[in-house]
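The block underneath contains the structure these notes are about, expressed in structure tokens.
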Amino acid sequence: MLQTLPRMISLEGGEGAGKSTVIALITKVLRELGESVVQTREPGGTPYAEDIRQLLLADHKEAPAEDVEVLLMFAARAQHVRKLILPSIAHGAWVVCDRFTDASFAYQGAARGIDLQKLELLNQRFVGVQPGLTLLLDVDVPVGLARVDARGDRDRIEKEPPSFFESVRQGYLSRAQAEPERIRVIDANRDPQVVADEVRDIVTAYAQPYLSA
Ligand code: Z5A
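Those letters in the sequence shown? Residues 2 to 214, by this note's numbering.
Spelled out as structure tokens, the structure:
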């Protein structure tokens, strides 16, 4: 059984969904409400986990085996949860995280085909927590990839073919369908201001019961 952390919000989405802008907005909204916020990301978030991130995203001449990619993602996450997320929550902060475990189910599970039960086992055993709210920025794959290409170089995972990202998208949407209370789907094909307005409304309403006194 996973422990839900009401003061943790994660942000998910496929390539070019616009996470960079939206993550900053979530943090801003919470700070405007007078809350203390730790903004972080996965893979990474602590110095050790950021080193694992480098290893995962680099164009190494020896690509990791699929199971190894999974283990490294979860190793980074286990470190992140223990060294940053739980201590921050214990100190009364909110944690706003750019990607979390749902990304492993979408990328390693739905797209790479790793057995979902294996991922669930790792999740239960080594992560043990889930965010109270997850915003899923859903964008059509060609739209997202065109934005990434306009921005610059693709990293190792971004070099996968469009079919991979279609599977990622379906993986995310099926998780959202299974957990509609926690995972809120936002149409990220729209104008950035329209997306931002919806995010602001959702986060403001969600935060109310959990605000510091
Ligand atoms: N990964 C994994 O496989 N398994 C896991 O468990 C985890 C992660 C945790 C690193 O993640 C990689 O790790 C990622 C998944 C994998 N790999 N891939 N591929 P990351 O989050 O660090 O990297 P990223 O997915 O590449 O995210 P990003 O580039 O930081 O964000 P983004 O949402 O893809 O894109 P953006 O930079 O926010 O926006 C892209 C451009 O579009 C930018 O120029 C914006 O100005 C523009 N934009 C944004 N929104 C709009 C709208 N609404 N209209 C028009 N233009 C827009």
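Cβ atoms here follow ideal geometry from the backbone N, Cα and C, with glycine treated the same way.
None of these values were measured; they are calculated from a predicted model.
Asked: Where P132 falls, given that 16 or more other Cβ within 10 Å makes a residue buried; Found: buried
Asked: Check: V186 C-beta below 7 Å from any heavy atom of the ligand Z5A; Found: no
Asked: For I1, the three-state DSSP class (helix, strand or coil); Found: Absent from the structure is residue 1, since the part of the chain shown begins at 2 and ends at 214.
Asked: Proximity winner among T5, E36, T205, relative to L87 (alpha-carbon distances); Found: T5
Asked: Candidates F127, L138, P44: closest to R83 by CA position; Found: F127
Asked: Per-residue burial, E43 [other beta carbons within 10 Å of its own, 16 or more giving buried]; Found: buried
Asked: Extent of the continuous beta strand (DSSP E) to which D99 belongs; Found: 95-99
Asked: Check: I158 C-beta below 7 Å from any heavy atom of the ligand Z5A; Found: yes
Asked: Residue(s) in a DSSP beta bridge with L120; Found: According to DSSP, which records beta bridges pairwise, L120 is partnered with nothing at all.
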